[in-house]
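Peer 1: First residue of the sequence shown: 3, per this note's numbering; consecutive thereafter. Before we start, here is the structure in question, set down as structure tokens.
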Amino acid sequence: MQDSFIESLESRGLTRRAFLGFCGTIAAAIGIEGVTAVDVAEAIEKNSLIGVNGGMGKGGLAPVIWLELGSCTGCTESFAQTDDPDPATLLLEYLALNYSETLSASAGYSLEESREQTIEAAKGKYVVVIEGAVMTRYNGEILRIAGEATCAPGDSPLIRTCKDAAVVIAAGSCAVDGGFCAADPNPGGAEGIQKYLKDNGVTTPVVNLPSCPCNASTLVAVVVQYLLLGAKSVVDGLNEFGMPTAYYGETIHDNCERRGHFENGEFVYEFGSVEEAKGYCLYAVGCKGPQTKANCGTIRWNRRVSWCVESGAPCIGCCSADPNTTVRNWVDVSSPFLGRLKTLKLGSIKFQPTPVALGITGILTAALVIHGVGMKATGRTTGGAPFEKAREYDIKHGNVKPSNEAPATEQVVETVEEGE
Ligand code: SF4
Ligand code: SF4
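Have a look at this one:
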């Protein structure tokens, strides 16, 4: 790393050692053989706005447009609200974050002009980060960008911003499938950016990073992978839901430090109990770790200090998302958060699993009883296996006795021995 770049880090309160530690985490998260912490550091340095050549990166900028839609701004907060300089926050400075309603210093006309210029000057090269849900009801008038409805069908600021991007990153569950904004009855028609773009004929690849809020380290890892290896590398690593398999391939349960207690049947049944103090498994108080695929236990949260289960809270499945629909949003799927019983949904029909299981068991039992009575009534319960009464055919013809004759092979053997 060049001295000027290191100086720029230090001027923001970040040591070289801490920065390389952060890059190591990102390299591990990317999970591609041969990509090291130094490679990650170089990618960030080359694409930075600051530090080299008098303040401009020499490797070409990576312009980012960050659009905020229906959300609580928690994903921006996840990046920005730090009480000391944080690598993830600083990385947003190193990239050309040309547009962010919350973080940009400018506002109004000059900010909108910056977005338009980025789209024009960096066609096919810029990254769009979407935070929040697309609010489709009321002709998209729920949210407005520069006086225009954000997501009117056909043409909208959202479509114009996304269609020429290299890649769109849906940061957080609301951007993936509507998240909590889409929770039943979803009055604003919240949905994910992938569905909205697909329904409007936009083919820009979408990378879905669900969780509530978006994990800053996961987002940075995807951006750095894009800088290092290009959009194709990122897109090739996505699963059927457009989520990077490296981060959403295993369940929370697979990498949980309380897993041993789960295997031993040692559970917390009540908060404030001795079992909780012993750090037992949180399954009985509603932990959704077994059904939630995410890397929270390995990439961790809040500058990698801790994560939900380590801090004593059951996983509430905030990474559960399906970008193709709104009815599998994590709030509806995971509630009640602190209980095991869930309301299942089939379209607009809701039902409880226990009554359904009891109902199915009752139907099967009734069917077996009816079948047995029918068999008895038609006489089909007589005959059959040998331990049952003799069948009519056997009584009439008698049983065939087994033969006592020796097999032909034994006779051949005897003949050969006589010849010798
Ligand atoms: S706390 Fe949750 S994720 Fe961890 S072992 Fe128990 S059920 Fe699994
Ligand atoms: S551990 Fe569960 S609740 Fe916590 S961030 Fe991860 S998916 Fe969400």
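Glycine is no exception: its CB is placed at the ideal position from the N, C-alpha and C atoms.
For Lys295, is the classification buried or exposed, using 16 other Cβ atoms within 10 angstroms of its Cβ as the cut-off for buried?
Peer 2: Translated into positions along the sequence shown, residue 295 becomes position 293. Classification for Lys295: buried.
Peer 1: Since Tyr101 sits in a beta bridge, which residues does DSSP pair it with?
Peer 2: As a first step, residue 101 must be located in the sequence shown, where it is residue number 99. Partner(s): Ile67.
Peer 1: Could you tell me whether the segment 304–324 touches the segment 286–294, where touching means 3 or more Cβ pairs closer than 8 angstroms?
Peer 2: The segment 304–324, when compared against the segment 286–294, does touch it at the 8 angstroms Cβ threshold.
Peer 1: If the criterion is Cβ atoms closer than 8 angstroms, does the pair Ala172 and Ile132 meet it?
Peer 2: Locating residue 172 in the sequence shown gives position 170, where the first residue counts as 1. Locating residue 132 in the sequence shown gives position 130, where the first residue counts as 1. Their beta carbons are under 8 angstroms apart, which means Ala172 touches Ile132 by this criterion.
Peer 1: In whole angstroms, what is the alpha-carbon distance linking Val287 and Glu277?
Peer 2: In the sequence shown, counting from the first residue as 1, residue 287 sits at position 285. In the sequence shown, counting from the first residue as 1, residue 277 sits at position 275. Going by the C-alpha atoms only, they are around 12 angstroms apart.
Peer 1: Using a Cβ-based criterion (distance less than 7 angstroms to any ligand heavy atom), does Pro316 qualify as near ligand 1?
Peer 2: Here residue 316 refers to the residue found at position 314 of the sequence shown. Yes - ligand 1 has a heavy atom lying nearer than 7 angstroms to the Cβ of Pro316.
Peer 1: Going by DSSP in three states, Asn257 sits in which element: helix, strand or coil?
Peer 2: Position 255 of the sequence shown, counting from 1, holds the residue named residue 257. In the structure shown, Asn257 sits in a helix (DSSP, three-state: H, G or I).
Peer 1: Is the distance from the Cβ of Gly203 to the Cβ of Gly180 below 8 angstroms?
Peer 2: As a first step, residue 203 is located in the sequence shown; it is residue number 201 there, counting from the start. As a first step, residue 180 is located in the sequence shown; it is residue number 178 there, counting from the start. No, these two residues do not count as a Cβ contact at 8 angstroms.
Peer 1: Give me the Cα-Cα distance between Asn210 and Pro189, rounded to the nearest whole angstrom.
Peer 2: For this step, residue 210 is matched to residue 208 along the sequence shown. For this step, residue 189 is matched to residue 187 along the sequence shown. Those two C-alpha atoms are separated by around 23 angstroms.
Peer 1: Quick one: grab the DSSP three-state call for Arg18.
Peer 2: Along the sequence shown, read from residue 1 onward, the residue named residue 18 stands at position 16. DSSP places Arg18 in helix when its eight states are reduced to three.
Peer 1: What does DSSP give as the partner residues of Ser308 in its beta bridges?
Peer 2: Start at 1 with the first residue of the sequence shown, and residue 308 comes out as number 306. Answer by DSSP bridge pairing, in chain order: Trp303.
Peer 1: Is the Cβ-Cβ distance between Tyr128 and Ala167 less than 8 angstroms?
Peer 2: In the sequence shown, counting from the first residue as 1, residue 128 sits at position 126. In the sequence shown, counting from the first residue as 1, residue 167 sits at position 165. Yes; because the gap between Cβ atoms is below 8 angstroms, this pair is in contact.
Peer 1: Is Phe273 buried or exposed, if buried means 16 or more other CB atoms sit within 10 Å of its CB?
Peer 2: Residue 273 sits at position 271 when you count from the first residue of the sequence shown. With fewer than 16 other Cβ atoms within 10 Å, it is exposed.
Peer 1: With DSSP collapsed to three states, give me the class of Cys289.
Peer 2: Here residue 289 refers to the residue found at position 287 of the sequence shown. Coil at Cys289, not helix or strand.
Peer 1: Leaving out five residues on either side along the sequence, give the residues of the same chain with a beta carbon under 6 angstroms from the beta carbon of Glu150.
Peer 2: The count along the sequence shown starts at 1 and reaches residue 150 at position 148. Answer for Glu150: Pro159, listed in chain order.
Peer 1: Residues in its own chain within less than 6 angstroms of Met245 by CB, not counting five upstream and five downstream?
Peer 2: Within the sequence shown, residue 245 is the residue found at index 243, counting from 1. Only Asn210 meet the Cβ criterion.
Peer 1: Would you say the beta carbon of Thr253 comes nearer than 7 angstroms to a heavy atom of ligand 2?
Peer 2: Here residue 253 is taken as the residue at index 251 of the sequence shown, counted from 1. Not so, every heavy atom of ligand 2 lies at least 7 angstroms from the Cβ.
Peer 1: Name the one or two DSSP bridge partners that Cys283 has.
Peer 2: In the sequence shown, counting from the first residue as 1, residue 283 sits at position 281. DSSP lists Phe269 as partners of Cys283.
Peer 1: Name the DSSP beta bridge partners of Asn210, please?
Peer 2: As a position in the sequence shown, residue 210 is number 208, starting the count at 1. Note: Asn210 sits in a beta bridge opposite Ala172.
Peer 1: What I want to know is whether the C-beta of Pro338 ends up closer than 7 angstroms to one or more non-hydrogen atoms of ligand 1.
Peer 2: On the sequence shown, residue 338 is found 336 positions in, with the first residue counted as 1. No.
Peer 1: With a threshold of 7 angstroms, establish whether the CB of Thr300 neighbours any heavy atom of ligand 2.
Peer 2: Translated into positions along the sequence shown, residue 300 becomes position 298. The answer is no for Thr300.
Peer 1: Based on DSSP bridge pairs, tell me the residues matched to Lys295.
Peer 2: Your numbering for residue 295 matches position 293 in the sequence shown. Lys295 is bridged to Thr253.
Peer 1: Using 10 angstroms around the beta-carbon of Gly262, count the other beta-carbons present and answer buried if the total reaches 16, otherwise exposed.
Peer 2: Your numbering for residue 262 matches position 260 in the sequence shown. It counts as exposed.
Peer 1: Could you have a look at Gly59 and say whether DSSP puts it in helix, strand or coil?
Peer 2: Locating residue 59 in the sequence shown gives position 57, counting from the first residue. In this prediction, Gly59 has a pLDDT of 39, which is less than 50 and means its spatial position is unreliable; what the coordinates show is noted afterwards. Note: Gly59 maps to coil in three-state DSSP.
Peer 1: Please classify Thr138 as buried or exposed, where buried requires at least 16 neighbouring CB atoms within 10 angstroms.
Peer 2: Along the sequence shown, one-based indexing puts residue 138 at 136. It counts as buried.
Peer 1: Tell me, to the nearest whole angstrom, how far the beta carbon of Leu199 is from that of Cys164; I am working on the premise that it is less than 8 angstroms.
Peer 2: The count along the sequence shown starts at 1 and reaches residue 199 at position 197. The count along the sequence shown starts at 1 and reaches residue 164 at position 162. Contact holds; Cβ gap of about 6 angstroms.
Peer 1: Cα separation between Tyr271 and Ile318?
Peer 2: Taking the sequence shown and counting its residues from 1, one reaches residue 271 at position 269. Taking the sequence shown and counting its residues from 1, one reaches residue 318 at position 316. So the two alpha carbons sit approximately 16 angstroms from each other.
Peer 1: Hey, is Ser80 close to ligand 2, as in C-beta under 7 angstroms from one of its heavy atoms?
Peer 2: Taking the first residue of the sequence shown as 1, we reach residue 80 at position 78. Incorrect: Ser80 has no Cβ contact closer than 7 angstroms to ligand 2.
Peer 1: Grab me the residues of Leu340's own chain with a C-beta within less than 6 angstroms of its C-beta, minus the 5 sequence neighbours each way, in chain order.
Peer 2: Here residue 340 refers to the residue found at position 338 when the sequence shown is read from its first residue. Once the five neighbours on either side are set aside, the close Cβ partners of Leu340 are Val287, Gly288.
Peer 1: By Cβ distance below 8 angstroms, which residues in the same chain neighbour Glu70 in space, the five residues on each side in sequence not counted?
Peer 2: The residue given as residue 70 occupies position 68 in the sequence shown. Contacts found: Thr78, Ser102, Glu103, Thr104, Glu133, Gly134.
Peer 1: Near Lys125, which residues of its chain fall below 8 angstroms by C-beta distance, leaving aside the five closest residues on each side in sequence?
Peer 2: Your numbering for residue 125 matches position 123 in the sequence shown. Closer than 8 angstroms at the Cβ level, and outside the excluded window around Lys125, lie Asp166.
Peer 1: Note the first and the last residue of the continuous beta strand (DSSP E) segment covering Val129.
Peer 2: Translated into positions along the sequence shown, residue 129 becomes position 127. Residues 129–133.
Peer 1: Does at least one heavy atom of ligand 2 sit under 7 angstroms from the Cβ of Gly281?
Peer 2: Counted from its first residue, the sequence shown places residue 281 at position 279. No - ligand 2 has no heavy atom lying nearer than 7 angstroms to the Cβ of Gly281.
Peer 1: Would you mind working out which of Phe243, Gly314, Ser219, Asn241 sits nearest Ser80, comparing C-alpha positions?
Peer 2: The residue you call residue 80 lines up with position 78 of the sequence shown. That would be Ser219, whose Cα lies nearest to the Cα of Ser80.
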